[in-house]
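Enquirer: Got a structure for you, questions after.
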Amino acid sequence: MSGTLNNASLKTGRSFDLGKMNLRQLWVAYLTYPTILLYFALIVASIAVATHFFAGWGATLVSIVAVILVYPLVWYLLHRYVLHGRVLYKMKWTASLWKRIHFDHHQDPHLLDVLFGAPVTTLPTIAIITCPIGYLIGGIGASATAFGTGVTITCIYEFFHCIQHLNYKPRSAWIQRMKARHVLHHFHDEDGNFGITSFVVDRLFGSYYKDAKARPRSPTVFNLGYDIKEAKIYPWVMDLTGSPPRDRPDGARPDTKAARGTRHAA
Ligand SMILES: [Zn+2]
Ligand SMILES: [Zn+2]
Ligand SMILES: [Zn+2]
Numbered sequence: 001m002s003g004t005l006n007n008a009s010l011k012t013g014r015s016f017d018l019g020k021m022n023l024r025q026l027w028v029a030y031l032t033y034p035t036i037l038l039y040f041a042l043i044v045a046s047i048a049v050a051t052h053f054f055a056g057w058g059a060t061l062v063s064i065v066a067v068i069l070v071y072p073l074v075w076y077l078l079h080r081y082v083l084h085g086r087v088l089y090k091m092k093w094t095a096s097l098w099k100r101i102h103f104d105h106h107q108d109p110h111l112l113d114v115l116f117g118a119p120v121t122t123l124p125t126i127a128i129i130t131c132p133i134g135y136l137i138g139g140i141g142a143s144a145t146a147f148g149t150g151v152t153i154t155c156i157y158e159f160f161h162c163i164q165h166l167n168y169k170p171r172s173a174w175i176q177r178m179k180a181r182h183v184l185h186h187f188h189d190e191d192g193n194f195g196i197t198s199f200v201v202d203r204l205f206g207s208y209y210k211d212a213k214a215r216p217r218s219p220t221v222f223n224l225g226y227d228i229k230e231a232k233i234y235p236w237v238m239d240l241t242g243s244p245p246r247d248r249p250d251g252a253r254p255d256t257k258a259a260r261g262t263r264h265a266a
């Protein structure tokens with residue numbers, strides 16, 4: 001199995017390219033990826049702390065459920081208003097952060113290195129949201145449970161996010177639907193379908209759309225509004241990339257069957 005991933009044909013540059021991988025190769029890459037291994041280690045550590053300062057089953061379960069409910073909402077707000085807000089690239093000191101945490105992913109959605117969130121940004125965010133919730137519910141023990149739950153959900157999100165960019169057609173209908181919605185976010189109109197595994201919050205906030213017929217194609221779907229004109233005024237992201245922002249990914253190809261199915265109307 002180890003030989004599977006030493007194959008240069010699975011990579012573009014230094015990163016695994018999900019457009020070139022199958023599901024089995026994705027599983028191997030995922031389960032050996034340093035960021036994911038760090039998350040697994042933190043989940044184990046959280047369980048240890050939660051056991052040592054055990055808050056009782058009631059508080060433990062309530063903190064798990066609370067994080068499961070809050071997580072999609074927080075992710076939605078961050079994705080819509082921070083990652084897609086046109087503020088971070090306008091300041092020199094946040095430009096590289098924005099480039100890494102979202103611009104690069106929209107410029108080339110198949111590259112695993114920039115698909116995964118960077119732990120330096122994900123972990124503090126998870127901690128700031130989940131630890132106080134857990135602490136209010138049941139002190140240190142429940143706080144660790146809440147944090148561990150947040151990291152666990154992040155692992156699940158990251159895996160499904162990989163699947164959404166993997167060049168394959170999922171067997172189950174609900175994963176197909178989920179993949180199609182996210183593909184629309186990347187290839188049709190970025191100003192909608194902000195969820196990853198669930199689009200309940202999108203429906204609540206009115207940003208959900210079902211197919212390409214629902215909206216016109218957005219000209220900024222790959223550059224998130226950071227086009228050549230913006231790059232002239234705010235050059236930091238472009239300087240870091242070493243080239244001007246692109247209007248479509250390198251070697252743009254029909255992304256997946258799902259994308260082809262949803263793009264014909266564009
Ligand atoms: Zn994506
Ligand atoms: Zn893709
Ligand atoms: Zn996005």
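So the sequence shown is numbered by UniProt numbering: it starts at 1 and just counts up by one.
C-beta atoms are modelled at their ideal positions from N, C-alpha and C, and glycine is treated no differently.
Nothing here was measured: the structure is a model prediction, and the numbers come from that model.
1) Below 8 Å on the Cβ atoms is my contact criterion, and I expect A95 with L240 to pass it. Report the Cβ-Cβ distance as a whole number of Å.
2) Pull up the distance between the alpha-carbon of Y76 and that of N193, whole angstroms please.
3) Alpha carbon to alpha carbon, how far is S143 from R217?
4) Just to confirm my understanding: we take G148, look at its own chain, exclude 5 residues before and 5 after, and list those with CB closer than 7 Å. What are they?
5) Determine the extent of the alpha helix (DSSP H) in which Y135 is found, giving its start and end residues.
6) Is Q25 near ligand 1, going by C-beta to nearest heavy atom under 7 Å?
7) Among H186, T12, V70, Y81, whose alpha-carbon lies nearest the alpha-carbon of Q164?
8) Beta-carbon separation of Y30 and F159 under 8 Å?
9) Mind checking K169: buried by the 16 CB within 10 Å criterion, or exposed?
10) Taking the alpha carbon of P34 as the point to measure from, which residue in L83, M91, V120 has its own alpha carbon closest?
11) Consult DSSP for T60 and reduce its assignment to one of helix, strand or coil.
Expert: Well, looking at it:
1) For this step, residue 95 is matched to residue 95 along the sequence shown. For this step, residue 240 is matched to residue 240 along the sequence shown. Yes, they are in contact, since the Cβ atoms of A95 and L240 sit about 7 Å apart, within 8 Å.
2) To locate residue 76, count along the sequence shown from 1; it is residue 76. To locate residue 193, count along the sequence shown from 1; it is residue 193. Their backbone Cα atoms lie some 9 Å apart in a straight line.
3) Residue numbering aside, residue 143 sits at position 143 when the sequence shown is read from its first letter. Residue numbering aside, residue 217 sits at position 217 when the sequence shown is read from its first letter. Approximately 43 Å, taken between the alpha carbons.
4) Counting from 1 along the sequence shown, the entry for residue 148 is found at position 148. Cβ neighbours of G148 beyond the five flanking positions: I43, S46, I47, A50.
5) One-based indexing of the sequence shown puts residue 135 at position 135. Per DSSP, Y135 belongs to the alpha helix (DSSP H) from 119-165.
6) What you label residue 25 is simply residue 25 of the sequence shown in a count that begins at 1. Result no, Cβ not under 7 Å from ligand 1.
7) As a position in the sequence shown, residue 164 is number 164, starting the count at 1. Taking only the C-alpha atoms, the option nearest Q164 is H186.
8) Residue 30 sits at position 30 when you count from the first residue of the sequence shown. Residue 159 sits at position 159 when you count from the first residue of the sequence shown. Contact flag set, yes.
9) Position 169 of the sequence shown, counted from the start, is the residue given in the question as residue 169. K169 should be labelled exposed.
10) As a position in the sequence shown, residue 34 is number 34, starting the count at 1. Among L83, M91, V120, the Cα nearest to that of P34 is on V120.
11) For the purposes of this step, residue 60 is taken as residue 60 along the sequence shown, with counting starting at 1. Correct three-state label for T60: helix.
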